[in-house]
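So the protein lines, in turn, are chains A and B. For the first sequence, the tail end lands on 333 under our numbering, and the numbers increase by one without skipping. For the second sequence, the tail end lands on 145 under our numbering, and the numbers increase by one without skipping. Scroll down for the structure; my scribbles are underneath it.
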Amino acid sequence: NAGVTQTPKFQVLKTGQSMTLQCAQDMNHEYMSWYRQDPGMGLRLIHYSVGAGITDQGEVPNGYNVSRSTTEDFPLRLLSAAPSQTSVYFCASSYDRLEKLFFGSGTQLSVL
Amino acid sequence: GQQVMQIPQYQHVQEGEDFTTYCNSSTTLSNIQWYKQRPGGHPVFLIQLVKSGEVKKQKRLTFQFGEAKKNSSLHITATQTTDVGTYFCAGLGNTPLVFGKGTRLSVIA
Chain A
222 NAGVTQTPKF
232 QVLKTGQSMT
242 LQCAQDMNHE
252 YMSWYRQDPG
262 MGLRLIHYSV
272 GAGITDQGEV
282 PNGYNVSRST
292 TEDFPLRLLS
302 AAPSQTSVYF
312 CASSYDRLEK
322 LFFGSGTQLS
332 VL
Chain B
37 GQQVMQIPQY
47 QHVQEGEDFT
57 TYCNSSTTLS
67 NIQWYKQRPG
77 GHPVFLIQLV
87 KSGEVKKQKR
97 LTFQFGEAKK
107 NSSLHITATQ
117 TTDVGTYFCA
127 GLGNTPLVFG
137 KGTRLSVIA
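So this is what it looks like as structure tokens:
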């Protein structure tokens with residue numbers, strides 16, 4: 222099992238560009254989520270999904286879109302990148318929302 | 037909304053000293069989870085506590101869940117350099133998992 226796979230590992234964008242962060246898991250987990258991590262701010266939930274076709278907003282959803290067309294994949298889209306979105310992004314999955322999270326290795330995003 | 041406070045933000049200890057981080061929730065939790073993140077790495081699950089007053093041990097690590105299910109602690113006995121990292125608590129209530137801001141542990145050999 223690969224676990225949770227995130228791509229890319231690093232990305233530099235210019236303000237206003239759009240991009241998609243990819244996340245895939247091969248553990249047949251129903252629950253998937255995206256977090257951003259900023260210095261001194263811990264992990265803040267952006268969006269989450271309790272199963273294919275179902276998504277919901279977390280604590281900091283503005284500027285991000287998600288979709289969950291399959292159980293395995295949960296991409297995060299930045300619609301128009303802003304410097305405030307410079308952060309490390311983690312995708313995480315679990316069997317269900319009550320269980321422990323498995324994290325991907327993260328994407329370090331810089332928006333200039 | 038639900039908030040999870042964690043203190044201290046930083047802790048520097050000499051190798052062999054003990055370390056404790058504390059976590060408090062604004063609401064009653066159904067469970068609390070603890071994660072460790074090594075520098076440059078991703079969070080890794082350590083343990084989950086579910087019952088009121090629960091105490092669990094993993095070698096030198098002791099985890100407690102408060103009687104009111106609103107607070108928790110992680111205690112490390114005789115720290116080692118391998119304990120370096122940031123320790124996060126994460127509370128689960130009616131909302132998805134909410135993480136504390138973490139305690140960054142430095143161990144001086």
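Every residue, glycine too, gets a C-beta built ideally from N, C-alpha and C.
- Beyond the five residues adjoining it in sequence on each side, Glu320 (chain A) comes within less than 8 Å, by CB distance, of Tyr252 in the same chain, given in chain order.
- When the five nearest sequence neighbours on each side are left out, the beta carbons in the same chain lying within less than 6 Å of the beta carbon of Gln50 (chain B) are those of Ile144, in order along the chain.
- Within chain A, no residue has its beta carbon less than 7 Å from that of Asn130 (chain B); the closest one is some 11 Å off.
- Proximity of Tyr71 (chain B) to chain A, defined by a Cβ-Cβ separation below 9 Å, is satisfied.
- Close to chain B, meaning a Cβ-Cβ distance shorter than 7 Å, are the following residues of the segment 257–269 of chain A: Gly261, Met262, Gly263, Leu264, Leu266 and Tyr269.
- Its chain contains His111, Ile112, Thr113, Ala114 and Thr115 as the residues whose beta carbon lies nearer than 8 Å to that of Asp54 (chain B), once the 5 sequence neighbours on both sides are disregarded; these appear in chain order.
- With a cutoff of 9 Å on beta-carbon distance, Gly127 (chain B) and Gln69 (chain B) are scored as near each other.
- Asp247 (chain A) is not bridged by DSSP to any residue.
- Under the 9 Å criterion on CB atoms, Val134 (chain B) is classed as interfacial with respect to chain A.
- A distance of 9 Å or more separates the beta carbons of Lys235 (chain A) and Gln329 (chain A).
- The C-alpha of Phe135 (chain B) is placed about 13 Å away from the C-alpha of Gly37 (chain B).
- Distance between Thr226 (chain A) and Ser254 (chain A), taken at the CA atoms: about 13 Å.
- For Val143 (chain B), the nearest beta carbon of chain A is not closer than 9 Å to its own beta carbon.
- Within the same chain, Cβ atoms closer than 7 Å to the Cβ of Val271 (chain A) are found at Glu251, Tyr252 and Arg318, the five residues on either side in sequence being excluded.
- In this structure, DSSP gives Asp317 (chain A) a state outside helix and strand, which the three-state scheme calls coil.
- In summary, Asp119 (chain B) is buried, with 16 or more beta-carbon neighbours lying within 10 Å of its beta-carbon over all protein chains present.
- Here Gly77 (chain B) is exposed: its Cβ has fewer than 16 other Cβ atoms, across all protein chains shown, within 10 Å.
- Three or more Cβ pairs drawn from the segment 281–292 of chain A and the segment 255–267 of chain A lie within less than 8 Å of each other, which places the two stretches in contact.
- The continuous stretches of beta strand (DSSP E) do not include Arg74 (chain B), and DSSP gives it neither H nor E.
- When the five nearest sequence neighbours on each side are left out, the beta carbons in the same chain lying within less than 6 Å of the beta carbon of Val309 (chain A) are those of Gln258, Gly327 and Gln329, in order along the chain.
- For Lys92 (chain B), no CB of chain A lies under 9 Å from its own CB, so it is not counted at the interface with that chain.
- Using a CB distance cut-off of 9 Å, Gly327 (chain A) counts as an interface residue toward chain B.
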